[in-house]
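Asker: Chains as they are written, first to last, in this note's numbering: chain A, 199 to 727; chain B, 470 to 654; chain C, 77 to 440; chain D, 85 to 160. A virtual CB, placed ideally from N, CA and C, is assigned to each residue, including glycine. Owing to the predicted nature of the structure, the values given are computational and were not obtained by experimental measurement.
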Amino acid sequence: MLFTSYSFILFLCVLISLYYLIPKRLQWKLLLLGSFVFYFFSGWSNLLYILATIVSTYFIGLKIDELNRKQADYLKENKEKLTKEEKKLYKEKIKAKQWSWLLACLFFNLGILAVVKYTNFAIANINSVLSIFRMTELSFVNIILPMGISFYTFKTMGYIIDVYRGKYEPERNIGKLALFVSFFPQLVQGPISRYDDLAQTLYQEHSFEPKTFSFGFQRVLWGYFKKLVIADRIVAAVLTITRNPEKYDGIYVLVGMVFYAIQLYADFTGGIDITIGVSQMLGIEVKENFIRPYFSKSIEEYWRRWHITMGTWFRDYIFYPLSVCKPMLNLSRFSRNHFGDKIGKRIPVYTATLVVWFTTGIWHGSSWNFIVWGLLNGIIILISQELQPLYEKFHQKVKIGDTFGFRLFRIGRTFLLMSSLRILDCYRDVGISFKMFFSMFAKPDLKPLIDGSLLKLGLDMADYIVLIAGVILLVSFSLIQRKGSVREMLSAKPAVLRYSIYIVLFFTVLVFGAYGIGFDSNQFIYNQF
Amino acid sequence: MKMRILAILMLVAIIFAGCGNEAGKNDPSPTPSTPATSEPTPTPVAEAKSKYYFEYNGVKIYMDDEAKPILEKLGEPPFGSFESPSCAFQGVDRTYYYNGFELYTYTEGDDETEYFFTVKFMSDAVSTPEGVSIGDKAEKVIEKYGENYTETSGQYVYTDQNSKMSFKIQSGEVAAIELSLIINE
Amino acid sequence: MKKKKIISFVIVILVISVLTVLLQKLLMPKYMTQIVEGALTKEYYYEKNKDHDVIFIGDCEVYENFSPITLWEEYGITSYIRGGAQQLVWHSYYLLEDTLKYEKPDVVVFSVLAMMYNEPQREAYNRMNIDGMPLSLTKLRMAKASMMPEEDLITYAFPLLRFHSRWKELSGEDFRYWFKRDQISHNGYLMRVDVKPVGRLPSPRLLDDYMFGDKAYEYLDKITELCKKNGIELVLIKAPSLYPHWYEEWDQQMVDYAEKNGLLYINMLDDLDEIGLDFEKDTYDAGLHLNLSGAEKASKYFGRILQSRFNIPDKRNDEKLKAIWQEKADYYYKMEQEQYEELEKYGYLLKFNMKRNEENNIKP
Amino acid sequence: MEELLRILEELHPEIDFNTHEHLIDDKILDSFDIVTLIAEINDEFDVSIPAHEIVPENFNSAKALYSLIERLKDED
């Protein structure tokens, strides 16, 4: 069930009405049921995967906690008898047991993810090796990727690691845990919420709050605007350009880059708006995933403002553990002694950064494109880190203050840099991506921008007008938003104005949204009417 | 701390993928915003042309070929053509009358490009590339085309890729021959 | 305070509803030129006097080949053609079901050519056949039976969801016919007076299977059933169009079906001489459809059968009906004359040749 | 404590670590700094700070960081 399908809207209407009609203590159960219904409609076999993850995580969480209790009891009972050494030994023994349980949980769930997501990628790679030796190639397997598996797997892994670390107690009600894992607004594209952020608001009883509800509704509407009016419209041109690299190189690549940046932003943040808005309509608070990322002045800042829950997940569960683990510290010490302070200090950071970005890359998709994309992100971040002192010196000498113009320059630079990296998302393979990137410089012919060629990409003049208006609206919205919540500002305005804005927005989505026949099936059969 | 193993574990999935050259021909989804839904698509098999085609004056006609260049090579149809719009006018089917055969085309797309969908044999003046023409004995069909056919409505039908060759057999003789595009309903 | 909130909520809902209706009416295709077939379904509901002896259902082989005016003038039979572009058997069934909500004819005539289709063919034809119908369960069932895989049922309840992107193509026609329509048919008959003689027709292609499909038969059974239940005589008819080819095997199936169900089946292709059709003069597109003179000949022939077989009384002496049909006939002859004049002036009919108009720079 | 301040000042000479209380919230220490810091602390104090202790509360001020080190030492 996609957010943009009629069945989702219907599902939502039914669910929300029931939600506020039934006794409040049943609300979370309804959400759980709804989430499973939602998931069921995207293929019943998907349910098996998510159930396996829920059940395994649930029992292992309890197991780890049980060991904690056992340890506490044992230490309390034998408080007098045991020496410090013995206590330490016992603690280590328990920790080791917990560790194996954690490991089992991670192995199992990551294993599922690996098999469904990366098997064909692995086969493709093995085949290319086999073909060197002229051996028979393996055939691809037909696995349908369960919806949202990357997201809910990461949610549960964060949960079990936190339980292991003793950050919080495990959830004792399997239904509640199941709801945390499968909460339907988050299933398709996140955000990757943490248990301690989401759980309480999820299980609480919520009475109907007109203000929260209408705020949620507005946000949903805004999300649909971004997705339907902008993203799903501009995608036609993006696909035309990126699917036909032989035809569209040079300046078209730049056009494609910028269009894709718009599409991705509108699509992803629009989807998250719908997620957060729907949750809000249910009285549930979900953490933000974006803070106006395209206004970032550096890549490092960009990644703090784009897909935040993913970034912090990688930071907390991979980057930190990896860079402060014993072997890494030893390595650091070793290299400091042998290669000097400068290099030694950098080794843990560099290793961890590259590992994180490699993982981020492959998490996004099982292809070399995403791996290279991830690694390039990491490398650029490291380079800019190294250049930092140089920049500072430069600034002291040249004395460019924090002027508006300079800020704009940095924002533009970051936008272009991130867009260039995203070329890897768009093209068939890494080779073509690089070829296309360099063709921008090899063929700096600007003519297609003005000779009407842009109208042959699948968008006509009317589409461009809608898009330009839409983008202007997005940018101004973000600019206003820097001063605070736009919805709060609106709610202070007279009712007539407020309602008119909503009604206009509603009809804008309804009429100018790129949905239905003619958009999803490329059958422009009504063109002649 | 054993966090190290934890981190390594994260990589299991990746190492699992092994290393290779740029052979990852998976189609990266154009919307990595929903990475969980980007499925790898296996390398498509290059689509070969059907072994069934029609040849006239050295011009080869495969089903679903674009009609315009081929019609130009064949020259004006000596007996004209017929145009049949469906009830309302979208999508025009055309029939071109040549000496001994008729060519059928359909149109598709905004620019109404024409594609072949049938060659109908009208007399023994023409024969299939395998050498069968109207009036031949049914045995000759099997001799030339083999046993691998299906029989429906008194026709021997041979299929390959997107095309099928049909021979209508009446009292042991080939009464009609048609090469046509297989249309999936 | 609370009361105020409720009032403003109601106002907002009201404003949204009104705007939705207005937008929907504006954005839906009007079918007033070029593809006028699309307007046929809707036009029936504008008809004031919904009481007919005979209802025709079927595709272009009914709405181009039979003229209710001729049936009235020659035999005093009142009739209406509920035809539609590529109307498939299930379309016909549901259209009949809906028609029976308004009237109960003596005879229903079903054109059997559509039996050749067992699957929905194109979304556009679904829209043309269904959209004109007022919203009802019948309409939704009809849509459900007809939908192509890419279609959504809800777009038949709210066509705005289907046609919203027509804002790009809005033309003067859309504003002119925002709230009203021109009458484009004569009780469902679409008039064409131009002539294009039959030349060589493509020879019939081989078919894999000459049996009509299950779904086609299922709905034919339903039509038979519905007529029986309502005491209506059902006539199966193959209209005298030469193309698409009407196969022997198909004809036999209809003969058998009619016999089994005690129906009258007439293949008019067998009686071309008796009808007096001259395919040099009586068709406007080389044999696919009859033109006015052809349709009048076919109607005279068929009317005779209707009258003799089913004893439909001659109502030409009914004063009230006489007045109504006189008005219809006046419009009919006026259009005939206009078409001839247009033909003389331009060499073709403007309404049906938008492309040629553009080439010749003519604005109809 | 002096030792810790020395390490911190090496990282960001421009900051007065004696008084600053929002090192993380004000984005003065980024994740790279934290990792470097932990490596140095490991060297100087022979204390390894586990990943789950990397939370803003522990790193917002030199004082907080120092008490974390003390606590971890005790636990050993």
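Below 7 Å between beta carbons is the criterion; list the residues of the segment 87-98 of chain C that meet it against any residue of chain A, in chain order.
Answerer: Val88, Val91, Ile92, Leu95
Asker: First and last residue of the alpha helix (DSSP H) that includes Asn307 (chain A)?
Answerer: 282-330 is the span of the alpha helix (DSSP H), which, as asked, contains Asn307 (chain A).
Asker: Please compile the residues from chain A whose C-beta is within a distance smaller than 9 Å of the C-beta of His262 (chain C).
Answerer: Those within 9 Å of His262 (chain C) in chain A number zero; the least Cβ separation is about 24 Å.
Asker: Rounded to whole angstroms, what is the Cα-Cα separation between Ile449 (chain A) and Pro646 (chain A)?
Answerer: Going from the Cα of Ile449 (chain A) to the Cα of Pro646 (chain A) covers about 8 Å.
Asker: Hey, would you say Trp254 (chain C) sits closer than 7 Å to Lys78 (chain C), going by beta carbons?
Answerer: no
Asker: Among C:Glu226, C:Thr117, C:Asp327, C:Asn194, which residue has its Cα nearest to the Cα of Tyr265 (chain C)?
Answerer: Residue C:Thr117 is the option with its Cα nearest to Tyr265 (chain C).
Asker: Taking contact to mean at least 3 C-beta pairs separated by less than 8 Å, is the segment 618-630 of chain A in contact with the segment 435-444 of chain A?
Answerer: Between the segment 618-630 of chain A and the segment 435-444 of chain A, the count of C-beta pairs closer than 8 Å reaches three or more; the two stretches touch.
Asker: Could you tell me the distance, in whole angstroms, from the CA atom of Tyr151 (chain C) to the CA atom of Arg380 (chain C)?
Answerer: Computed Cα separation, rounded: 8 Å.
Asker: Kindly say whether Ala536 (chain B), judged by its beta-carbon, lies nearer than 7 Å to any beta-carbon of chain C.
Answerer: no
Asker: Which residue's Cα is closest to the Cα of Val188 (chain C): C:Leu425, C:Val165, C:Tyr170, C:Leu318?
Answerer: C:Val165
Asker: How far does the alpha helix (DSSP H) with Phe636 (chain B) in it reach, from first residue to last?
Answerer: It is not in any alpha helix (DSSP H) - Phe636 (chain B) instead sits in the beta strand (DSSP E) that spans 632-639.
Asker: So Phe592 (chain A) is in the beta strand (DSSP E); what residue range does that whole segment cover?
Answerer: No beta strand (DSSP E) holds Phe592 (chain A); the alpha helix (DSSP H) holding it covers 566-596.
Asker: Can you give me the Cβ contacts of Tyr614 (chain B) inside the same chain, cut-off strictly under 6 Å, excluding the 5 residues immediately before and after it?
Answerer: Around Tyr614 (chain B), the same chain offers Tyr627 as residues with beta carbons nearer than 6 Å, after the five sequence neighbours per side are excluded.
Asker: Which parts of the segment 366-420 of chain A are runs of the alpha helix (DSSP H), unbroken and 4 residues or longer, counting only runs that do not cross its ends?
Answerer: Entirely contained in the segment 366-420 of chain A, the alpha helix (DSSP H) runs reaching 4 residues are, in chain order, 372-380, 382-385, 393-401.
Asker: Excluding the five sequence neighbours on either side, which residues of its own chain have a C-beta within less than 8 Å of the C-beta of Phe300 (chain C), listed in chain order?
Answerer: The question names Phe, but residue 300 (chain C) is Thr in the sequence shown. Same-chain partners within the cutoff: Leu310, Asn337, Leu339.
Asker: Answer yes or no: does any C-beta atom of chain D fall closer than 7 Å to that of Val547 (chain A)?
Answerer: Cβ-Cβ to chain D under 7 Å: yes for Val547 (chain A).
Asker: With DSSP as the reference, label Gln197 (chain C) as helix, strand or coil.
Answerer: coil
Asker: Who are the neighbours of Ile230 (chain C) on chain A, taking C-beta pairs under 7 Å?
Answerer: Tyr204
Asker: Given that His136 (chain D) touches chain A, what residues does it touch there, using C-beta distances under 7 Å?
Answerer: Arg363, Lys365
Asker: Take Pro140 (chain D) and list the residues in its own chain whose beta-carbon comes closer than 8 Å to its own, dropping the five residues that flank it on each side.
Answerer: Excluding positions up to five away in sequence, the list reads Ile108, Asp109.
Asker: When the Cβ atoms of the segment 702-714 of chain A are set against those of the segment 424-431 of chain A, are three or more pairs found closer than 8 Å?
Answerer: Contact between the segment 702-714 of chain A and the segment 424-431 of chain A is present, because at least three Cβ pairs lie under 8 Å.
Asker: Run the CB neighbour count on Ser384 (chain C), radius 10 Å, all protein chains shown included, and call it buried at 16 or more, exposed below.
Answerer: Exposed, by the Cβ-count rule.
Asker: With DSSP run on the structure shown, which of helix, strand or coil describes Ile133 (chain D)?
Answerer: The three-state reading of DSSP puts Ile133 (chain D) in coil, since its state is none of H, G, I, E or B.
Asker: According to a CB-to-CB cut-off of less than 8 Å, which residues of the segment 272-283 of chain C neighbour chain B?
Answerer: Gly275, Arg276, Leu277, Pro278, Ser279, Arg281, Leu282, Leu283
Asker: With 16 as the cutoff for other CB atoms within 10 Å, does Met659 (chain A) come out buried or exposed?
Answerer: exposed
Asker: Taking the straight line between their C-alpha atoms, what separation do you get for Arg563 (chain B) and Tyr575 (chain B)?
Answerer: So the two alpha carbons sit approximately 6 Å from each other.
Asker: Where does Gln664 (chain B) sit, in a helix, a strand or coil, going by DSSP?
Answerer: Missing from the structure shown is residue 664 (chain B); chain B here goes from 470 to 654 and no further.
Asker: Where does Asp354 (chain C) fall in DSSP's three states?
Answerer: coil
Asker: Where does the unbroken alpha helix (DSSP H) through Ala371 (chain C) begin, and where does it stop?
Answerer: 368-386
Asker: Would you kindly work out how many angstroms separate the C-alpha atoms of Thr500 (chain B) and Val707 (chain A), rounded to a whole number?
Answerer: For Thr500 (chain B), the pLDDT reaches just 34, beneath the cut-off of 50, and the residue's location in the model is therefore unreliable, although a value from the coordinates is still provided. In a straight line, the C-alpha of Thr500 (chain B) is about 21 Å away from that of Val707 (chain A).
Asker: Quick check for students: name the residue ranges of the beta strand (DSSP E) that lie wholly in the segment 124-186 of chain C, counting only runs of 3 or more.
Answerer: 130-134, 155-159
Asker: So with Cβ pairs under 7 Å, would you call Tyr286 (chain C) a contact of chain B?
Answerer: Interface residue, yes.
Asker: Between the C-alpha atoms of Lys471 (chain B) and Gly481 (chain A), what's the straight-line distance to the nearest angstrom?
Answerer: Summary for Lys471 (chain B): the model assigns pLDDT 44, below 50, so the residue's position carries little reliability, and this model does not support an answer.
Asker: Tell me, to the nearest whole angstrom, how far the beta carbon of Thr120 (chain D) is from that of Val379 (chain A); I am working on the premise that it is less than 8 Å.
Answerer: Contact doesn't hold; Cβ gap of about 36 Å is too wide.
Asker: Could you spell out where the beta strand (DSSP E) holding Glu647 (chain B) opens and where it closes?
Answerer: 642-650
Asker: Between the C-alpha atoms of Ile91 (chain D) and Lys409 (chain A), what's the straight-line distance to the nearest angstrom?
Answerer: So the two alpha carbons sit approximately 50 Å from each other.
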